[in-house]
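Below: one structure, written as structure tokens.
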Amino acid sequence: MSGNDRIRRQRRRTRQPHGGGERIRAKGGRTSGSRQWLERHLNDPYVAAAQREGYRARAAFKLLELDDKFGFLRRGGRVLDLGAAPGSWCQVARERVGGKGVVIGLDLLEVEPLAGATLIQGDVYDPEMPQRLREALGGAADVVLSDMAPNTTGHKRTDRLRVEAVAEAALDLAESVLAPGGAFVAKLYQTGGSDAVTDRLKHGFDRVRHMKPPASRGESPEVYVVATGFRPAASEDETPDPDTVR
Numbered sequence: 001m002s003g004n005d006r007i008r009r010q011r012r013r014t015r016q017p018h019g020g021g022e023r024i025r026a027k028g029g030r031t032s033g034s035r036q037w038l039e040r041h042l043n044d045p046y047v048a049a050a051q052r053e054g055y056r057a058r059a060a061f062k063l064l065e066l067d068d069k070f071g072f073l074r075r076g077g078r079v080l081d082l083g084a085a086p087g088s089w090c091q092v093a094r095e096r097v098g099g100k101g102v103v104i105g106l107d108l109l110e111v112e113p114l115a116g117a118t119l120i121q122g123d124v125y126d127p128e129m130p131q132r133l134r135e136a137l138g139g140a141a142d143v144v145l146s147d148m149a150p151n152t153t154g155h156k157r158t159d160r161l162r163v164e165a166v167a168e169a170a171l172d173l174a175e176s177v178l179a180p181g182g183a184f185v186a187k188l189y190q191t192g193g194s195d196a197v198t199d200r201l202k203h204g205f206d207r208v209r210h211m212k213p214p215a216s217r218g219e220s221p222e223v224y225v226v227a228t229g230f231r232p233a234a235s236e237d238e239t240p241d242p243d244t245v246r
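Numbering (the UniProt record's numbering), first residue to last: 1 to 246.
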């Protein structure tokens, strides 16, 4: 199946989105590396599809492919998107949950308004953020998404550890807002072995799977972890007194 055929197939459950889309303007004086990047970008079928279909970034197709595989975005659901800029994952989420669903996007950057989604400028590390997000969602989240990634250094181990740290911050917040049975989706880097985030997810979710979606560039080390069936840890107040258990 060609790249364009696969993209068209992925659109089978979506309706035409609104919003921006990437606009690329070539400029003079580019280095050889930047020219190569621009040429690859302009020839990328996912970039062309994002422009054609009104998505703000090609990353929209990563989420489409992940959801086509695992089906965690459901009609009427409450979805929280961490690191939402420029908004393409929010666009996909609002399509999949429909008009009765709720989509909240959070980012340090200001994000251009998007019909059908509430966009909040804020920090995942803010201790007051979980309560603020629950209020915006109107309850607990059914899905927490995170495509967040730190600036890279080019040093593989350093970059992997930075990505894991960001994913753990997303998971910290997710555990504060997810409903029982909810799902968590986040970007990681391929390691060839276990990682702290996956090990932690295995203790808090019924099922944990990994996928590198076709829309992810082959040279990128990114992979996405999809954890479903969230099991909230019992708080000390909820732990029964052993003297009262029969």
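For each residue, glycine too, the CB sits at the ideal point set by N, CA and C.
- Shown here for A174: same chain residues with a beta carbon closer than 7 Å to its own, the five before and five after excluded, namely V144, F184 in chain order.
- When the Cα atoms are used, Q190 and E222 turn out to be separated by approximately 6 Å.
- In this structure, A117 places its C-beta atom within 8 Å of the C-beta atom of V103.
- Taking one beta carbon from each stretch, the region 147-164 and the region 199-210 have fewer than 3 pairs nearer than 8 Å; the two do not touch.
- Assigned with DSSP and collapsed to three states, P130 falls in helix.
- Contact between A50 and A57 holds, with the beta-carbon distance rounding to 6 Å and staying under 8 Å.
- Nearest neighbour of L171 by Cα position, chosen from R231, G139, L108, T158, turns out to be R231.
- For Q190, there is no enclosing alpha helix (DSSP H), as DSSP marks it with neither H nor E.
- In the structure shown, the three-state DSSP call for A50 is helix.
- Bridge partners of S146 according to DSSP: L82, A186.
- By the CB criterion at 8 Å, L119 and G99 fall outside the cutoff.
- Judged by DSSP in its simplified three-state form, D67 adopts helix.
- Leaving aside the five residues that flank P127 on each side, none in its chain has a CB nearer than 6 Å to its CB.
- Its Cα nearest to that of L188, the residue A169 stands out among G181, A169, A179.
- Here the alpha carbons of S220 and W89 stand approximately 19 Å from one another.
- Taking C-beta atoms as the reference points, K62 and A215 count as a pair closer than 8 Å.
- DSSP places T152 in the coil class of the three-state scheme, outside both helix and strand.
- Assignment of beta-bridge partners to V92 by DSSP yields no partner.
- With respect to the 8 Å criterion, Q121 and E135 are not classified as neighbours on the basis of their beta carbons.
- Shown here, V208 sits in a strand according to DSSP, grouped into three states.
- By the neighbour-count criterion, in which a residue is buried when 16 or more other Cβ atoms sit within 10 angstroms of its Cβ, Q91 is buried.
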